[in-house]
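> This is the structure, below, for whatever I ask next.
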Ligand code: FE
Ligand code: CA
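Numbering (the numbering used here), first residue to last: 36 to 560.
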């Protein structure tokens, strides 16, 4: 295993602030190349916006004229201008600033456009030397005190580059959405085995990645996709990671395979993965030193006026290691699974989530997180089995979240999930052992954008023993498009005709569900 060293630590805090907040270059402490020359357009990875507030937007780009070979930039700071306008032709400019793109951050930029008006459309563009980026569009959140009529958003996850084309993003880009929520597995660190795992449509350009250079090239490969770029340029994104941004099924300090990586090797790998994730996402928070490593604050709350608030979670960085597993993560019960101290969120994030579930003017709570939340019992073996990597591996903490929803915001909460590459609509009961009892909220697990699924038959074989499941489909890739209005949450499950065709695949709504405010439980629409 190799590491390229951890460059972030060479930067001073002042440099972080200047680079990420877009402050004046007048006091920049280093030499900045102001008229760089590029062989090709350096904005090869597109532009993005994210982590919106009612008055600000995080903008993103990365200079990479040779994206698949480390970026192709000289090892020096480069001056980059960005402008924000209120029209698509960039003629009514409200922000015109210059920032430094630094080699330590792979010449990525995360300027925060501040002083914006709530619920307003903005367009933005970067330029460096004589080159210009594509123009991106974004929209600020409504003012916290406002009462917007609706919010339109889509969510997705799991986009293995080798296993399917990114056509769903073309349709998302055409949907005129307020937000796109990405629930993780934005990249895959590993390689598909065509013999064991079936058809691939295009290939990773390297084997499993471990180093900063490896992760950077992997993000660059994924971000070279034009449909992914168009969806990033269409609206603001909320992003949190799952496992494959680091290592399959990792948990805080623990890799999937402890026998393949020492704790130190995994720590080095995780630092590289955190840095590369930061460098390629429109994130508001910079990684900070914590506990001998780094913490990247991904969880956050995004209020859409008084209509809805999105609670974006991180279910990887703070969780207890999986228990009672021998190889496969679907396994028989063991007593450790029920230990009350086992955590998926970590104490701080859980308390933050629970305190934020207070009913606010009757609005909706959208808990956007990675792995299957509700219980699913596999009954094909000699005894019941559960997936230890999902919330079924952390049942005591799950119950604390369910109890908080039941006491604070029943009938106005929906939990989103990804990770398992299929659609699953499920009632979350106040007591999972008494399915006849009260329903507290609905779980809407979305399918993968492109990653194949291997669990469909196994899940289907146990459906009759899981009456909490209202709908299941394991045959389609796609995404979920949602509209939230005052009294109804609507979800359209979007089915892609095929992930294997690069251009002429079609999208249709395979099933729709609504949740009516005050009446927990999803209804087929
Ligand atoms: Fe996945
Ligand atoms: Ca996953």
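Using N, Cα and C, we set each Cβ at its ideal position, and we do this for glycine too.
Considering only their Cβ atoms, is the gap separating residue 532 from residue 541 smaller than 8 Å?
Residue numbering aside, residue 541 sits at position 506 when the chain shown is read from its first letter. Residue numbering aside, residue 532 sits at position 497 when the chain shown is read from its first letter. Contact: yes.
> Buried or exposed: where does residue 295 fall if 16 or more other Cβ atoms within 10 Å of its Cβ makes it buried?
Here residue 295 refers to the residue found at position 260 of the chain shown. With fewer than 16 other Cβ atoms within 10 Å, it is exposed.
> Give the residues whose C-beta lies closer than 5 Å to at least one heavy atom of ligand 1, in chain order.
193, 220, 486
> Would you tell me roughly how many angstroms separate the C-alpha atoms of residue 312 and residue 476, rounded to the nearest one?
For this step, residue 312 is matched to residue 277 along the chain shown. For this step, residue 476 is matched to residue 441 along the chain shown. In a straight line, the C-alpha of residue 312 is about 32 Å away from that of residue 476.
> Of the residues 91, 98, 516, which one's Cα is nearest the Cα of residue 75?
Counted from its first residue, the chain shown places residue 75 at position 40. Minimum Cα distance to residue 75 is reached at 98.
> Over what stretch of residues does the alpha helix (DSSP H) that includes residue 399 continue unbroken?
Indexing the chain shown from 1 puts residue 399 at position 364. First-last for residue 399: 399 to 403, but that is the beta strand (DSSP E), not the alpha helix (DSSP H).
> With three or more beta-carbon pairs closer than 8 Å as the criterion, would you say the stretch 505 to 513 touches the stretch 453 to 461?
yes
> Write down every uninterrupted run of the alpha helix (DSSP H) in the stretch 149 to 232 whose length is 4 residues or greater and which is fully enclosed by it, in chain order.
Unbroken alpha helix (DSSP H) stretches of 4 residues or longer found wholly inside the stretch 149 to 232: 202 to 208, 229 to 232, given in chain order.
> So, at 8 Å on beta carbons, what are the nonlocal neighbours of residue 39 in its own chain, with the 5 sequence-adjacent residues on each side left out?
For the purposes of this step, residue 39 is identified with residue 4 of the chain shown, where counting begins at 1. Low per-residue confidence applies at residue 39: pLDDT is 42, beneath 50, and the placement is therefore not dependable enough to give any value.
> Which whole runs of the beta strand (DSSP E) in the stretch 54 to 135 are 3 residues long or more, in chain order?
82 to 85, 92 to 97, 112 to 120
> Could you say which of 483, 228, 373, 162 lies nearest to residue 113 if we only look at CA atoms?
Along the chain shown, one-based indexing puts residue 113 at 78. Here the closest residue by C-alpha is 162.
> Is the Cβ-Cβ distance between residue 70 and residue 164 less than 8 Å?
Position 35 of the chain shown, counted from the first residue, corresponds to residue 70. Position 129 of the chain shown, counted from the first residue, corresponds to residue 164. For residue 70 and residue 164, yes; Cβs fall inside 8 Å.
> Taking contact to mean at least 3 C-beta pairs separated by less than 8 Å, is the stretch 262 to 279 in contact with the stretch 209 to 225?
yes
> Given a cut-off of 8 Å on the beta-carbon distance, is the pair residue 149 and residue 199 in contact?
Walking along the chain shown from the start, residue 149 turns up at place 114. Walking along the chain shown from the start, residue 199 turns up at place 164. Going by beta carbons, residue 149 and residue 199 fall outside the 8 Å limit.
> Could you have a look at residue 466 and say whether DSSP puts it in helix, strand or coil?
Start at 1 with the first residue of the chain shown, and residue 466 comes out as number 431. Under the three-state reduction of DSSP, residue 466 is assigned to coil, being neither helix nor strand.
> Grab me the residues of residue 304's own chain with a C-beta within less than 6 Å of its C-beta, minus the 5 sequence neighbours each way, in chain order.
For the purposes of this step, residue 304 is identified with residue 269 of the chain shown, where counting begins at 1. Around residue 304: 245.
> Ordered along the chain, which non-local residues of its own chain (more than five positions away) have a Cβ less than 6 Å from that of residue 558?
Looking up residue 558 in the chain shown gives position 523. Within the same chain, residue 558 has close Cβ partners 549.
> Which residues does DSSP pair with residue 525 in a beta bridge?
Taking the first residue of the chain shown as position 1, residue 525 is located at position 490. 518, 549.
> Can residue 525 and residue 492 be called in contact, C-beta distance under 8 Å?
In the chain shown, counting from the first residue as 1, residue 525 sits at position 490. In the chain shown, counting from the first residue as 1, residue 492 sits at position 457. Not in contact: residue 525 and residue 492 (Cβ atoms no closer than 8 Å).
> Taking 7 Å as the cut-off, does the CB of residue 363 come closer than this to any heavy atom belonging to ligand 2?
To locate residue 363, count along the chain shown from 1; it is residue 328. No - ligand 2 has no heavy atom lying nearer than 7 Å to the Cβ of residue 363.
> Just confirm the distance between the C-beta atoms of residue 224 and residue 281, as a whole number of angstroms; I'd bet it's less than 8 Å.
Position 189 of the chain shown, counting from 1, holds the residue named residue 224. Position 246 of the chain shown, counting from 1, holds the residue named residue 281. Going by Cβ atoms, the distance from residue 224 to residue 281 rounds to 7 Å, so yes, they are a contact pair.
> Decide yes or no for the touch test of the stretch 484 to 498 against the stretch 184 to 201: beta carbon pairs closer than 8 Å, at least 3 of them.
yes
> Report, in whole angstroms, the separation of the C-beta atoms of residue 255 and residue 94, which I expect to be a contact under 8 Å.
Here residue 255 is taken as the residue at index 220 of the chain shown, counted from 1. Here residue 94 is taken as the residue at index 59 of the chain shown, counted from 1. About 19 Å separates the two Cβ atoms, so there is no contact after all.
> Take residue 434 as the anchor and find which of 453, 409, 401 has the nearest alpha-carbon.
Numbered from its first residue, the chain shown carries residue 434 at position 399. The shortest C-alpha separation from residue 434 is found at 409.
> Let's see if you can read the secondary structure: which residues bound the beta strand (DSSP E) around residue 328?
Locating residue 328 in the chain shown gives position 293, where the first residue counts as 1. Taken as a continuous stretch (DSSP letters only), the beta strand (DSSP E) holding residue 328 covers 328 to 330.
> Go through the stretch 223 to 280 residue by residue and report every complete run of the beta strand (DSSP E) that reaches 3 residues or more, in order.
271 to 274
> Give a single yes or no on whether residue 277 has its beta carbon closer than 7 Å to a heavy atom of ligand 2.
Position 242 of the chain shown, counted from the first residue, corresponds to residue 277. Residue 277 Cβ: within cutoff of ligand 2.
> Which ranges would you report for the alpha helix (DSSP H) in the stretch 424 to 487 if only whole runs of at least 4 residues count?
430 to 443
> In chain order, what residues of the same chain lie with their CB nearer than 6 Å to the CB of residue 253, ignoring the 5 residues before and after it?
One-based indexing of the chain shown puts residue 253 at position 218. Cβ within range, chain order: 222, 244.
> Run through DSSP, which three-state label would residue 312 get?
Position 277 of the chain shown holds residue 312. In the structure shown, residue 312 sits in a helix (DSSP, three-state: H, G or I).
> Any heavy atom of ligand 2 inside 7 Å of the beta-carbon of residue 454?
Start at 1 with the first residue of the chain shown, and residue 454 comes out as number 419. Checking the Cβ of residue 454 against ligand 2 gives yes.
> Since residue 344 is in the beta strand (DSSP E), which residue starts that stretch and which ends it?
As a position in the chain shown, residue 344 is number 309, starting the count at 1. Per DSSP, residue 344 belongs to the beta strand (DSSP E) from 343 to 347.
> By a C-beta neighbour count over all protein chains shown, 10 Å radius and 16 as the cutoff for buried, is residue 375 buried or exposed?
Here residue 375 is taken as the residue at index 340 of the chain shown, counted from 1. Label assigned to residue 375: exposed.
> Using a Cβ-Cβ cut-off of 6 Å (strictly less than) and excluding sequence neighbours within five positions of residue 65, which residues of its own chain qualify?
Here residue 65 corresponds to residue number 30 of the chain shown, with the count starting at 1. Excluding sequence neighbours, residue 65 sits near 112.
> Could you please give the first and the last residue of the uninterrupted beta strand (DSSP E) stretch that includes residue 367?
Here residue 367 is taken as the residue at index 332 of the chain shown, counted from 1. For residue 367, the enclosing beta strand (DSSP E) stretches over residues 365 to 367.
> Looking at the secondary structure, which residues open and close the beta strand (DSSP E) in which residue 420 lies?
As a working note, residue 420 is residue 385 in the chain shown. Its beta strand (DSSP E) spans residues 420 to 422.
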